[in-house]
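According to the working numbering, the residues represented by the sequence shown are 7 to 149, in order.
Note that beta-carbon positions come from the ideal geometry of N, C-alpha and C, so glycine has one too.
What follows is a single structure, written as structure tokens, with notes after it.
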Amino acid sequence: TYNTWRGISTVKARTGPTKQNEDAQIALRALTALATAAWQALTDAQRSLWNHYADTHPDPDWTGNPQRLTGYNWFIRINVRRQLIDQGIEAAPPEDPCLLRLYALWGEYYPPMITFTWTAVPEPPADQYYVEIYHVGPHSAGA
């Protein structure tokens, strides 16, 4: 690698990552490659749906500021995660979830577990329960 440091030209050997072939990393690279191949096989209409999904679903960064991802980025993110839970690759973007009206939400803490119980309308089918719980602290973008 050629560089200039304080007006002095320098040359140093380029070194790569020291742990580049761990099993988990190799597995994720393989899943990403499969998702990328699936993206390349999509029709223009399917890609257009993913691009629309990306336009309407900003992704908040660690400070809560919305960041725009491309349709390709969303496709890879969602489908790599789907493969991790043995759900396969989906060509269509996800539908927006049906929002439930919560009548009651209870949380109980029994170390090291928190159990949540809720009552909602409409009641979703038992095989479609999916809950994401986030804890967000006060973050600053450094402004």
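Going by DSSP in three states, residue i sits in which element: helix, strand or coil?
{"i": "residue 85", "result": "helix"}
{"i": "residue 158", "result": "Residue 158 is absent from the model: the chain starts at 7 and stops at 149."}
{"i": "residue 77", "result": "helix"}
{"i": "residue 91", "result": "coil"}
{"i": "residue 125", "result": "strand"}
{"i": "residue 111", "result": "strand"}
{"i": "residue 16", "result": "strand"}
To the nearest angstrom, report how far apart residue i and residue j are at their CA atoms.
{"i": "residue 53", "j": "residue 41", "result": "13 Å"}
{"i": "residue 119", "j": "residue 72", "result": "31 Å"}
{"i": "residue 125", "j": "residue 110", "result": "5 Å"}
Would you decide whether residue i is buried or exposed? Buried here means 16 or more other CB atoms lie within 10 Å of its CB.
{"i": "residue 100", "result": "exposed"}
{"i": "residue 122", "result": "exposed"}
{"i": "residue 26", "result": "exposed"}
{"i": "residue 77", "result": "buried"}
{"i": "residue 85", "result": "buried"}
{"i": "residue 60", "result": "buried"}
{"i": "residue 31", "result": "exposed"}
{"i": "residue 89", "result": "buried"}
Do residue i and residue j have their C-beta atoms closer together than 8 Å?
{"i": "residue 55", "j": "residue 98", "result": "yes"}
{"i": "residue 18", "j": "residue 10", "result": "no"}
{"i": "residue 91", "j": "residue 44", "result": "no"}
Consider the Cβ of residue i: report whether some Cβ of chain C lies at a distance smaller than 8 Å.
{"i": "residue 11", "result": "This model lacks chain C altogether, as it is built from one protein chain only."}
Okay, do the segment 45-63 and the segment 79-87 touch, 3+ Cβ pairs below 8 Å being the bar? In this structure the segment 45-63 lies against the segment 79-87, because at least three pairs of beta carbons, one per stretch, are closer than 8 Å.
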